[in-house]
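For reference, the structure is listed below as structure tokens.
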Amino acid sequence: MLSNFISYILQGTATTIAVTLIALPSGLLVGLLLALLHTYGGKVANRFAAAYSLLMRSVPPIVLLFILYFILSGNLINLNEFWAGSLSLGIVSSAYQMEILRGALLSVGSGQMTAARAVGMSRLQAIQHILLPQALRLAIPPWSNEASIVLKDSSLVYALGVPEILRRAQQLSATTQQPFLAYGTAALIYFVLVFAVNRGLDYLSERTKLPTHP
Amino acid sequence: MSDFFEFFTRFLPDLLKGASMTLLLTAEGLAAGFVLGLLATLTRSYGNKFWRGVAIGYIELFRGTPLLVQLFLIYYGLPGLGITLSRELSAFLALGLNSGAYQAEYLRGSILAIGDNQMMAGRSIGMSKWKTIWHVILPQALRLAIPAWSNEPVSLLKSTGVVFLIAIPELMAKAKSIAAKTYDPIGSYIAVAIIYLAMVYLLDAMLKWLERASRIPGFEMEGRKA
Amino acid sequence: MTDSILEARKLTKIYGSNVIFKDIDLKVAEGETIVIIGPSGTGKSTLLRCMNLLTKADNGQIFLDGKEITAPDYNEDQVRQQIGMVFQNFLLFNHLTALDNVMIGLTKVKKLPKEQAREKAMEELKRVGLADRADHYPGQLSGGQQQRVGIARALAMDPRVMLFDEPTSALDPELIGEVLGVMEKLARDRMTMLVVTHEMGFAREVADRIVFMEKGHIVEEGSPDDLFYHPKHDRTREFLWKITELYGKKEKEAGGNP
């Protein structure tokens, strides 16, 4: 009985992790592109990225999730709940990730670009070999925060019917008549996952830190 | 486009009703969260070992789990322990407890920035610990916390969007019923998004004003790194 | 002086309504070391940045080996490979070791094979006396060491000319000597150099020619002897008098460099 309970909710955990692992990187990809457009693009690109960021960050994730879900699972593109939900979360996250990366690129400073151009690198080479490796390092701590937000926001796809942790907990609550146990377990699993993400990224940040004077 | 405008104006009264519920939930949650956050952060900074542990446990638990899960645990889970709460009270509790954990962190930053010296100075003129906290530490810490804290109202406003999942009649719930009526979910949710945009914009402008009005020259968190 | 490597003709730079410099004519001949001196904010650094196209001049032309590099469709990246630059605040790539800082131009821009690039980079590090610091990151090096890596990074590209933009002004006095020492050695090896600096000792001992710039104009130029002992203009005399007053002390502290 108890082992059934656990294995059932663990399947939901796998789905939650899968949703997060699709949403985060897709948000990173779009966010990175927008951050580069904002920082190094022309006037039009800069305006576009800024407007995108402001708009996306001013509307609640759940509202965006519904709009994007209905677009992604409509007639034009027809993805199932799992994929439409995960990618929608990724798009929601992209605006926040863009801001993180933009801040990191800014704090690397324009001097590094100048120095790279001075040894004959093109702008693209400078971004690829000099700016990004440094900016991505700086972005890890704020990005770790965003990763745990996306993990927590993955619970929103419950509303689309994706069988993630919360949906499983709801079903268990109905079959076992133990609502507190079911939802409590769901909360506990999230807590452990968020903790693990934060610790894992702390470790990554520590590992990639550049050495300084002792 | 004109179709959408017509659609928008047709449902505007209904949407505004939802929006006022959203704003009410935000205001209540913010107020409850402020009290809880203040209590939690003071306990964490100045309480004894046991209460400090309780405060840290509360903050970490509510920051480490999704609001939606907290909401369900309160509304659907607590009856399992014999505690049954109404939808409204459950939503209020979930938003307040959740926001409290985040507000505790904003306040903690500014209390740490003020440091032990102010406590020492207060004690040196014979004030008790809690008197010093009330008369010396808090007046400074609250002001110092404003810039960081000013993210919270907007963030909470956006968070309230999930409570329609326990059938609270706020904006998202309205959008859902309009979508069912019109068979146009995308249009309905975009209409709601526009209303959220307007509310966030106004709230943001108010908070910017608060930030400017409360600034004391030379007394900012950034200026206190040394 | 027909064999000039780098030449500016009527070069002008304006920011908004602010004229940084106007109608600058400057020729750098093969193997020559030119030192540009002058008060702060006279456009010396901007002039240097214009010379390798990091900043766009508003008017005038620049020639490298007789070819006009200010021509509209000229490949800037190609130009900068041939003009090395050393910055006031070093600007090492913070995420790379000393060796990788020197190597990256060779592997990514010149597309040399890794082994060959490493060999060449080690050679350049030896040349500035830092072979034993090859594996250190910029954060682990002193300012003087960082600047020497900066010089090695520029040298590795085998430039036709080296530009130095106040290479020692961000350094603690006791670290200035090691950088000037490296630069002096380069000058002796007949590297072509254009140097902006306030180190008058270096200018006097090492420069073939000194250019005195003020308010966006070249006031006077000539050999160190001419400028230091027989300046033609009052402004030059005044400036030199002030600067020896200011920097004379610092040079002594630096430990007897020229």
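Just so you know, the sequences run in chain order A, B and C. Note that our numbering has the first sequence beginning at -15, numbered continuously upward. Note that our numbering has the second sequence beginning at 122, numbered continuously upward. Note that our numbering has the third sequence beginning at 6, numbered continuously upward. Even for Gly, the Cβ is constructed at its ideal location relative to N, Cα and C. Just so we're clear, the structure is a prediction, and the values are computed from it rather than from any experiment.
Contact with chain A by residue i, beta-carbon distance below 8 Å
i: B/V156; result: no
i: B/G221; result: no
i: C/L59; result: yes
i: B/I307; result: yes
i: C/D105; result: no
i: B/V175; result: no
i: B/K279; result: yes
i: B/A314; result: yes
i: B/I311; result: yes
i: C/Q152; result: no
i: B/Y179; result: no
i: C/G110; result: yes
i: C/R85; result: yes
Assigned secondary structure, residue i (DSSP; H/G/I helix, E/B strand, else coil)
i: C/G89; result: strand
i: B/A215; result: helix
i: C/G261; result: Because the pLDDT of C/G261 is 43, which lies under 50, any placement of that residue in the model is unreliable, and the number read from its coordinates should be weighed accordingly. Coil, per DSSP.
i: B/M243; result: Reading the sequence as shown, one finds Gly at residue 243 of chain B and not Met. Reduced to three states, the DSSP call for B/G243 is helix.
i: C/K119; result: helix
i: B/K138; result: helix
i: C/G227; result: strand
i: B/E209; result: helix
i: B/Y223; result: helix
i: A/V176; result: helix
i: A/V181; result: helix
i: C/N23; result: strand
i: A/T196; result: coil
i: B/D305; result: coil
i: A/I61; result: coil
i: C/L59; result: coil
C-beta neighbour in chain B for residue i, strict 8 Å
i: A/F(-11); result: no
i: A/I6; result: no
i: A/P163; result: yes
i: A/G69; result: no
i: A/G168; result: yes
i: A/S139; result: yes
i: A/F66; result: no
i: A/V134; result: no
Test: residue i CB closer than 8 Å to a CB of chain C
i: A/I114; result: yes
i: A/P195; result: yes
i: A/S91; result: no
i: A/A102; result: yes
i: A/D186; result: no
i: A/Q118; result: yes
i: A/R121; result: yes
Per DSSP, the bridge partner or partners of residue i
i: C/Q66; result: C/R14
i: C/H222; result: C/E219
i: C/Y79; result: Its beta-bridge partners do not exist; DSSP assigns none.
i: C/K170; result: First, the residue type needs correcting, since residue 170 of chain C is Asp and not Lys in the sequence shown. Note: C/D170 sits in a beta bridge opposite C/V201.
i: C/L31; result: C/A13
i: C/K72; result: C/L69
i: C/R214; result: C/I39
Contacts of residue i in chain A (Cβ-Cβ under 7 Å)
i: C/K113; result: M105, Q109, H113
i: B/G282; result: P44, I46, V47
i: B/L194; result: Y167, G168, A171
i: C/D177; result: The premise fails here: C/D177 is roughly 14 Å from chain A at the closest Cβ pair, so nothing lies under 7 Å.
Cross-chain neighbours of residue i in chain B, by beta carbon under 7 Å
i: A/A29; result: None at all; the shortest Cβ gap to chain B is about 23 Å.
i: A/I75; result: By Cβ distance, chain B contributes nothing, its closest Cβ being about 13 Å from A/I75, past 7 Å.
Partner residues on chain A for residue i, Cβ-Cβ distance less than 8 Å
i: C/F68; result: Near C/F68 there are no residues of chain A at all, since even the closest Cβ is about 18 Å away, more than 8 Å.
i: C/M162; result: V103, G104
Residue i: contacting residues in chain C (beta-carbon distance under 9 Å)
i: A/A99; result: M90, F92, F95, L96, L97, F98, G155, R158
Contact list for residue i against chain B, beta-carbon separation under 9 Å
i: A/I55; result: I307
Residue i: contacting residues in chain A (beta-carbon distance under 9 Å)
i: B/P200; result: P163, F164
Under 7 Å from the C-beta of residue i: neighbouring residues of chain C
i: A/G95; result: N94, L96
Closer than 8 Å at the beta carbon, the chain B residues around residue i
i: A/Y174; result: G185, T186, P187, V190
i: A/Y142; result: L189, L286
Could you name the residues of the segment 31 to 49 of chain A whose beta carbon sits closer than 8 Å to any beta carbon of chain B, in the order they occur along the chain? For the segment 31 to 49 of chain A, the residues whose beta carbon sits under 8 Å from a beta carbon of chain B are, in order, L39, S42, V43, P44, P45, I46, V47, L48.
Below 8 Å between beta carbons is the criterion; list the residues of the segment 11 to 24 of chain C that meet it against any residue of chain A, in chain order. Against chain A - using a Cβ distance shorter than 8 Å - the segment 11 to 24 of chain C contributes no residues.
Chain C contacts made by the segment 145 to 158 of chain A, where a contact means CB separation under 7 Å: Across the segment 145 to 158 of chain A, no CB contact with chain C closer than 7 Å is found for any residue.
So if I threshold CB-CB distances at 9 Å, which residues from the segment 133 to 150 of chain C count as touching chain A? Under the 9 Å Cβ criterion, the segment 133 to 150 of chain C contributes H141, Y142, P143, G144, Q145, L146, S147.
Between the segment -8 to 4 of chain A and chain B, which residues of the former have a C-beta closer than 7 Å to a C-beta of the latter? From the segment -8 to 4 of chain A, no residue has a Cβ closer than 7 Å to chain B.
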